[in-house]
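Below: one structure, written as structure tokens.
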Amino acid sequence: MTVTDAFIHPFPKGDSTLQRMAMTARECGFDTLIAVSHHPCECHGVRILQGVIVFDGTMKAVTNTIRQKKRAIIGVAAGDATFNRSVLKTRGVHLITNLHRTQRNAFDQVTAKLAAEKRIAVHLDISQIISCRGHSRQKVLARYRELLILQRKFGFSFAIGSGATSILEQRTVREMILLTELFGMTKEETITALGTLPDLFEDTSRPRVVS
1 MTVTDAFIHP
11 FPKGDSTLQR
21 MAMTARECGF
31 DTLIAVSHHP
41 CECHGVRILQ
51 GVIVFDGTMK
61 AVTNTIRQKK
71 RAIIGVAAGD
81 ATFNRSVLKT
91 RGVHLITNLH
101 RTQRNAFDQV
111 TAKLAAEKRI
121 AVHLDISQII
131 SCRGHSRQKV
141 LARYRELLIL
151 QRKFGFSFAI
161 GSGATSILEQ
171 RTVREMILLT
181 ELFGMTKEET
191 ITALGTLPDL
201 FEDTSRPRVV
211 S
């Protein structure tokens, strides 16, 4: 089974090269990486898929990115409910991300149903659990818990990533399982989520990740 770390940020955005991060990923139990702004390749036995995250917050930016980056995993940063529904109806999007930064009604039962129907995954950035402190950390955990409740009810996919910008921020599969347990995911649910992205990429009829 494929085990993917969704959305890492190697040099030049991050501090570690793609080669070093690929080697670390293999040691951590991963065989696939979604690397932001890097071309697809294989490195140290790890499959590298190109990732792009659209932060602009406009549908024009989303459609332009889809047109220009046809070989990439396309993630879109979440906005309000209207924007998110438009994103989820857009062919070529794989993932929706950054939902921890939105209001609860930005991804409700209607949006969850749409994500399931369009087969677009919800991206969970595990680095937010580690980097946030105090009340901010509790808000992230609460939001992820809310999304988990919706996922169990409506059946859309999760995609999980370390959000690493260096080898020091990469996590083992075991650490991923322990961190997702903090908001209620089971080991089996986490393993399933770690295998989501390559399937979304290889079957272009399926939706992509939105941020």
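Residue 50 in my numbering is what sits at position 50 of the sequence shown, and the numbering runs on without skipping anything. Built from N, CA and C at the ideal position, the CB exists for glycine as well.
Integer Cβ distance of residue i from residue j, believed to fall under 8 Å
i, j, result
"residue 23", "residue 44", "5 Å"
"residue 78", "residue 46", "Wrong, their Cβ atoms sit about 28 Å apart, outside the cutoff."
"residue 18", "residue 12", "Actually they do not touch by this definition, with Cβ atoms about 10 Å apart."
"residue 34", "residue 74", "Going by Cβ atoms, the distance from residue 34 to residue 74 rounds to 11 Å, so no, they are not a contact pair."
"residue 136", "residue 163", "Rounded, the Cβ-Cβ distance is 15 Å, inconsistent with contact."
"residue 96", "residue 120", "6 Å"
Three-state class that DSSP yields for residue i in the structure shown
i, result
"residue 47", "strand"
"residue 164", "coil"
"residue 179", "helix"
"residue 210", "In this predicted model, residue 210 has a pLDDT of only 43, less than 50, meaning its place in the structure is not dependable; the value taken from the coordinates is given anyway. Residue state, collapsed to three classes: strand."
"residue 19", "helix"
"residue 186", "coil"
"residue 170", "coil"
"residue 70", "coil"
"residue 13", "coil"
Identity of the residues DSSP links to residue i by a beta bridge
i, result
"residue 54", "76"
"residue 193", "Answer is none; residue 193 lacks a bridge partner."
"residue 5", "33"
"residue 28", "Answer by DSSP bridge pairing: none, since residue 28 is not bridged."
"residue 42", "47"
Contact check, residue i vs residue j, beta carbons under 9 Å
i, j, result
"residue 180", "residue 172", "no"
"residue 51", "residue 72", "yes"
"residue 125", "residue 94", "no"
"residue 195", "residue 1", "yes"
"residue 148", "residue 111", "no"
"residue 31", "residue 166", "no"
"residue 129", "residue 122", "no"
"residue 116", "residue 160", "no"
"residue 53", "residue 38", "no"
"residue 5", "residue 41", "no"
Let me know the alpha helix (DSSP H) ranges lying completely inside the segment 74 to 162, each 4 residues or longer, listed in chain order.
-> 81 to 88, 109 to 118, 127 to 131, 134 to 154
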